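Student: No gaps in the numbering here: position 190 of the sequence shown is 189 in numbering that gives the first Met the number 0, and each next residue is one more.
Here it is, the structure in full.
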Amino acid sequence: MKNSSNKFRGKNNKERKKNSDFGYYPKNTNSSEKNDRFFNNSAKNKKVENLKKNDKNNTFSYLKRRNPSFKSQTEFPNKNSDMHQEFINKRNFDDWIWGKHSVYEALSSDRAINRIWCTSEIFSSDKFYILLKDLKSKGVLIEEVSWNRLSQLTYGASHQGIALQLACSKTISIEQLIDFSKQNCPNPILVALDGITDPHNVGAIIRSAEAFDCKGVIIPQRRSAGLTGTVAKVAAGALEHLHVSRVVNLNRALDELKKNGFIVVGLSGDGQLSMSNFKEKGPLVVVVGSEDKGISLLTQKKCDFILSISLKGKTTSLNASVAAAISLFYLTDK
């Protein structure tokens with residue numbers, strides 16, 4: 000029997016080899032299908048492994064940019080480990096909320112919201128669409144991001160497609176700010192921020208604005224730091240005594256202010272009129288631009304005056320918050 004089986008095996012091999020010369024193999028459900036299934040599964044597994052590897056590499060690269068202290072991928076903590084919780088604590092997510100149910104309750108309450116990140120599926124869902132659209136019209140920044148991007152932002156937390164950052168202070172509309180400022184002062188001063196993304200500068204400007212009895216600060220929805228914990232800390236309590244308006248479009252807000260009798264002045268090192276020579280009286284809006292780019296060209300066109308601060312030394316520019324403080328001193332003292 001042994002010899003006969005070998006004989007048949009040899010015959011089958013010869014037959015298989017012969018057929019292979021003509022470009023086909025006889026179908027054998029017990030061998031070829033298993034091989035095909037094995038190779039297909041192997042290819043799929045390899046593809047999945049490559050995707051996971053690429054995702055891990057991308058996540059690590061992102062984390063390393065955010066925190067250069069990471070030296071190897073082994074330092075990226077597994078989300079189920081104690082190290083991951085320690086990592087989350089270092090990132091400081093005290094003002095963050097994620098997960099559909101938690102975020103929905105926060106949005107339905109009267110809590111101040113700084114920023115929301117969500118996937119397109121969540122944004123268009125029946126449960127969230129009306130709430131998110133209403134908040135967006137009130138100046139809350141809402142970003143539609145991918146699932147992977149949201150995982151990067153939350154460092155692998157179970158976010159369910161949505162996360163938000165709480166604000167340290169409530170905001171009011173530009174109309175409410177105008178009414179409040181005019182009721183409490185005949186010639187109120189407001190401060191508008193254009194492109195200031197550093198929370199330390201925003202906090203310092205808010206602190207100076209409150210110290211010089213300004214009636215409010217206007218912050219655009221985009222290209223500006225929100226009312227985060229860092230802003231509140233640098234402001235040193237000033238946020239509790241100063242109104243803040245978060246507007247969708249700064250230039251439209253300036254148009255509204257001008258309609259209500261406000262004079263809009265911008266700060267720039269290239270200003271033709273020195274701050275000390277400015278003699279106009281009336282409700283004022285002081286526009287402060289970023290330290291590197293200054294006030295945008297479109298916003299400059301909205302300004303009635305562009306003012307400069309006379310410098311005596313070799314330094315050619317000032318920090319945005321310092322320039323704002325000096326300007327407010329001049330304008331409130333005249």
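Where is the CB? At the ideal position from N, CA and C, for every residue including glycine.
Quick caveat, the model's predicted, so the values are computed rather than measured.
1) Considering Glu104, what are the terminal residues of the alpha helix (DSSP H) in which it resides?
2) Leaving aside the five residues before and after Thr298 along the sequence, list all residues of the same chain whose C-beta is less than 8 Å from its C-beta, in chain order.
3) Can at least three beta-carbon pairs, one atom from the segment 203-211 and one from the segment 177-186, be found at a separation below 8 Å?
4) Quickly, what does DSSP pair Phe261 with across the bridge? List them, please.
5) Does the segment 219-230 touch the segment 266-274, meaning 3 or more C-beta pairs lie closer than 8 Å?
6) When we look at the beta-carbon of Arg110 and count the other beta-carbons within 10 Å, is it buried (16 or more) or exposed?
7) In whole angstroms, what separates the C-alpha of Lys258 from that of Leu134?
8) Can you tell me whether Asp193 is helix, strand or coil according to DSSP?
9) Less than 8 Å between C-beta atoms, sequence neighbours within five positions excluded: which residues of the same chain meet that for Thr314?
10) Have a look at Leu310 and Ile294 and give me their C-alpha separation to the nearest angstrom.
11) Can you round the beta-carbon distance between Lys301 and Val263 to whole angstroms, since I take them to be within the 8 Å contact cut?
12) Could you check whether Gly215 and Ser172 sit closer than 8 Å to each other, using their CB atoms as the reference points?
13) If you follow the beta strand (DSSP E) that Glu143 is in, where does it begin and where does it stop?
14) Under 8 Å between the Cβ atoms of Leu306 and Met274?
15) Once the 5 residues before and after Lys137 are set aside, which same chain residues still bring their CB inside 8 Å of it?
16) Would you call the segment 154-170 in contact with the segment 183-203, where contact means no fewer than 3 C-beta pairs closer than 8 Å?
17) State the Cα-Cα distance for the pair Asn335 and Ser124, rounded to the nearest angstrom.
18) Out of Lys126, Ile121, Trp97, point me to the one whose CA is closest to Ile112's CA.
19) Report buried or exposed for Tyr154, applying the criterion of at least 16 other Cβ atoms within 10 angstroms of its Cβ.
20) With a cut-off of 8 Å on the beta carbons, I'd call Ala105 and Ile204 a contact; round off their distance for me.
21) Taking Cys184 as the reference, which of Pro282, Leu296, Lys132, Lys232 has the closest Cα?
22) Answer yes or no: the CB of Gly138 versus the heavy atoms of the ligand NAP, is any distance below 7 Å?
23) Does DSSP put Tyr128 in a helix, a strand or coil?
24) Can you give the Cα-Cα distance for Gln271 and Asp303, rounded to whole angstroms?
25) Could you give the DSSP three-state label for Gln175: helix, strand or coil?
26) Is it true that the CB of Ile141 sits closer than 8 Å to the CB of Leu149?
27) Which residue marks the beginning of the alpha helix (DSSP H) containing Phe328, and which one marks its end?
28) Between the C-alpha atoms of Leu241 and Asn200, what's the straight-line distance to the nearest angstrom?
29) Within 10 angstroms of the Cβ of Trp95, are there 16 or more other Cβ atoms? Answer buried if so, exposed if not.
30) What is the residue span of the beta strand (DSSP E) that His242 lies within?
31) Go to Arg148, then tell me how far its alpha helix (DSSP H) extends in each direction, as first and last residue.
Tutor: Reading from the atomic positions:
1) 99-107
2) Asp193, Leu249, Asn250, Leu253, Gly265, Val286, Gly288
3) no
4) None, per the DSSP bridge assignment.
5) no
6) exposed
7) 26 Å
8) strand
9) none
10) 19 Å
11) 6 Å
12) no
13) 140-143
14) yes
15) Thr170, Ser172, Arg245
16) no
17) A question about residue 335 goes unanswered here, because the residues of the chain that appear run from 0 up to 333.
18) Trp97
19) buried
20) Actually they are not in contact, since the Cβ atoms of Ala105 and Ile204 sit about 28 Å apart, beyond 8 Å.
21) Pro282
22) In the structure on display, the ligand NAP does not appear, and there are no ligands present to speak of.
23) helix
24) 12 Å
25) helix
26) no
27) 319-332
28) 16 Å
29) buried
30) 242-246
31) 146-152
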